[in-house]
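Written below as C-alpha cells is the structure these notes are about.
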Ligand code: G1P
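Residue numbers (this note's numbering): 5 to 291.
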C-alpha cells in the first residue's frame, strides 16, 4: 500500500453564488470567523498527515498564493510592535506545508481541474479536497478516509446521507455496506435528474488512485456541460473497486449562502474568545 502524501485543491471556480462579494476576492478567501475558508481545509489536510498541497487556481486567485506565502513586512511590523501572538499565528499559516500551484486555464469542470495535476501527482494515489465543504469533526474527515484506504488500498469517496429531495445537488452513489461506515460503490451518478439511486451523497473529499487520469481522458462533458469527476469515477469502477466512507462530523456547504452563515455561527460558538458575548447577542435577537 502506497501512502497518501499529496492533496489537490481545485480553486479555479468563479464563485458566482457569492457575487458581488467574490468579484475581486476569491471565494476561498471569504472568512469563517477570522480564517479564510481554504485555511480550514488546508488545516484538515495537514492534520490528516498530508505534506504536499497542489492548488489549482485560475484568474484572480493570487490572494490565495499570498495568503500561504511569508509576508516579510507584516511579520516585521508585528515583531516591532511586540504582537507575538499574532506573529505566531501568521507564521503558522505560511509554514503550514509545501504548496504548489497550477492554473486551470478554462473553467471546464472539476474533472478537468483534477486532470491537469497529472504531472504533479506522478502516478501515486492522492487526495482531493473541495473547499466549499467544511467539515467539523473530532477526527479529521480525510484521516477517517485514510483509515479506510489503508484497509482496501483503492479509491475512497467521502459520503453523507442527505434528504432525497437534495440529491439533485450532488454526486450520488449506489453502495453495498461492507463495514459499519463503509460501502463498496456499485454505481454513481452526478446530479441525478430523476429518482436518485440512494441518499448517499458524495461530499468534497476523495482519495483517488492514479487510474483516475486515464478515466478522465475519456470522460465526455456531463452535467452542466462540464467534465465531471463523478463521470470519470463511473468509468474507473469498471476496472477498479471504489469504496465510500460515511465519515463522522458536521459538514457545512460553505459555497452556499445559508450553509456559509450556518458554518460561521457554529464555528463562532466554538470559539472561547467570543462565545459568551455571541450567545448573549443571539439570545437577544427577536426571532
Ligand atoms: C461537486 C461534485 C459532486 C459532489 C459535490 C460535493 O459538485 O461534482 O459530485 O457531490 O461537489 O460538494 P459541486 O458542488 O461543485 O456542484
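Note that beta-carbon positions come from the ideal geometry of N, C-alpha and C, so glycine has one too.
In this structure, 191 is the residue among 226, 119, 191, 22 with its C-alpha nearest to the C-alpha of residue 247. A straight-line Cα-Cα distance of about 6 Å links residue 217 and residue 119. When the beta-carbon positions are compared, residue 256 and residue 206 stay at least 9 Å from each other. For residue 19, there is no enclosing alpha helix (DSSP H), as DSSP marks it with neither H nor E. For residue 174, no pairing in a beta bridge is given by DSSP. Secondary structure at residue 72: coil, using DSSP grouped into helix, strand and coil. At the C-beta level, residue 72 and residue 46 come within 9 Å of one another. Collapsing the DSSP output to three states places residue 251 in coil.
The segment 178–186 makes contact with the segment 197–204, as at least three CB pairs between them are under 8 Å.
Within the same chain, and ignoring the five residues on either side of residue 44 in sequence, the residues whose Cβ sits closer than 7 Å to its Cβ are 36, 138. Residue 57 is bridged by DSSP to 11, 103. Minimum Cα-Cα distance from residue 149 among the listed residues 284, 166, 130 corresponds to 130.
Taking residue 117 as the centre and dropping the five residues before and after it, the same chain places the C-beta of 14, 16, 60, 108 closer than 7 Å to its C-beta, in chain order. Contact annotation: residue 121 and residue 222 have beta-carbon atoms that are not nearer than 9 Å. Positions of the alpha helix (DSSP H) runs, each at least 4 residues long and wholly inside the segment 124–192, are given as 145–156 in order along the chain.
Closest option to residue 170, judged by alpha-carbon separation, among 186, 197, 154: 197. Assignment of beta-bridge partners to residue 216 by DSSP yields no partner. Look at residue 223: its beta carbon is at least 8 Å from all of the heavy atoms in the ligand G1P. If you check the CB distance, residue 144 and residue 270 do not come in under 9 Å. Note: residue 122 is not bridge-paired with any residue in the DSSP secondary-structure output. Within the same chain, 159, 213, 215, 216, 219, 246 come within 8 Å of residue 240 by CB-CB distance, once the 5 residues on both sides are set aside.
When DSSP states are grouped into helix, strand and coil, residue 48 belongs to the helix group. The three-state secondary structure of residue 236, taken from DSSP, is helix. Spanning the alpha carbons of residue 187 and residue 284 requires a straight line of approximately 43 Å. Under the three-state reduction of DSSP, residue 224 is assigned to coil, being neither helix nor strand. Between residue 57 and the set 98, 287, 19, 272, the nearest pair of CA atoms involves 98. Taking 9 Å as the cut-off, the Cβ atoms of residue 264 and residue 272 do not count as close. Judged by DSSP in its simplified three-state form, residue 198 adopts coil rather than helix or strand. In summary, residue 65 is buried, with 16 or more beta-carbon neighbours lying within 10 Å of its beta-carbon over all protein chains present. Remark: the shortest separation between the CB of residue 241 and any heavy atom of the ligand G1P does not fall under 8 Å.
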